[in-house]
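In this note's numbering, the protein residues as written are 480 to 670.
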């Protein structure tokens, strides 16, 4: 597994046929880089063979942001995003509420991941997988990884959002992200 490749050197043609995970702190540019790579992939692959599952919340300050903030997704690319995406650690005011928001995200996101698993395309781009991992099953994501010929995902990996009111979702997120990284050909950490 190659790690810490310079993000400016990474090109769409280099990730074709690979499993790639972009890690970083909130606001580090993960989604922007993924959008750049998606733009390149849309020129290299039949757009109908690309699925984008955007699990990110709308931008709040420097946190969050959808791929569509950076790239126009057209030409037959399948784009899915939950109607509602919650920010459990930012919005939850009690442990119960944090866990409730995490579970709502799981329910809203799992159906999109399962949709891909039933209707596979050559390329899958998954933005902000960690929101699903707060409560969801790593196995569901790994099935997506296995089925896609080219897999590109972004994942929060930092300390700004560590406070989870004692719910454990932050440590679960980190553990599952570390496990997901072991299935990748390339893990890129943005500092």
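Beta carbons are placed, not taken as given, at the ideal position from N, Cα and C, and that holds for glycine.
Own chain, CB closer than 8 Å to residue i, minus 5 neighbours either side, in chain order
i           : result
residue 652 : 609, 612, 613, 635
residue 537 : 543, 544, 545, 564
residue 621 : 659, 662
Neighbour-count burial assignment, residue i, 16 or more Cβ in a 10 Å radius
i           : result
residue 492 : exposed
residue 674 : Any question about residue 674 goes unanswered here, given that the chain covers just 480 to 670.
residue 661 : exposed
residue 485 : In this predicted model, residue 485 has a pLDDT of only 44, less than 50, meaning its place in the structure is not dependable enough to derive any value.
residue 641 : exposed
Local conformation of residue i per DSSP, three classes
i           : result
residue 635 : strand
residue 498 : strand
residue 665 : strand
residue 629 : strand
residue 490 : coil
Chain-order list of residues whose beta-carbon lies under 7 Å from that of residue i (same chain, five-residue window excluded)
i           : result
residue 595 : 530, 532, 603, 623
Residues near residue i by beta carbon distance below 6 Å, same chain, minus five either side
i           : result
residue 605 : 532, 632
CA nearest to the CA of residue i, picked from the options
i           : options            : result
residue 559 : 583, 577, 593, 576 : 593
Could you name each continuous alpha helix (DSSP H) segment of 4 residues or more that falls completely within the region 594–623, going from the start of the chain to the end?
609–612
In chain order, which continuous runs of the alpha helix (DSSP H) of length 4 or greater are located wholly inside the region 504–562?
509–523
What ranges does the alpha helix (DSSP H) occupy inside the region 559–584, keeping only unbroken runs of at least 4 residues that lie completely in it?
567–570
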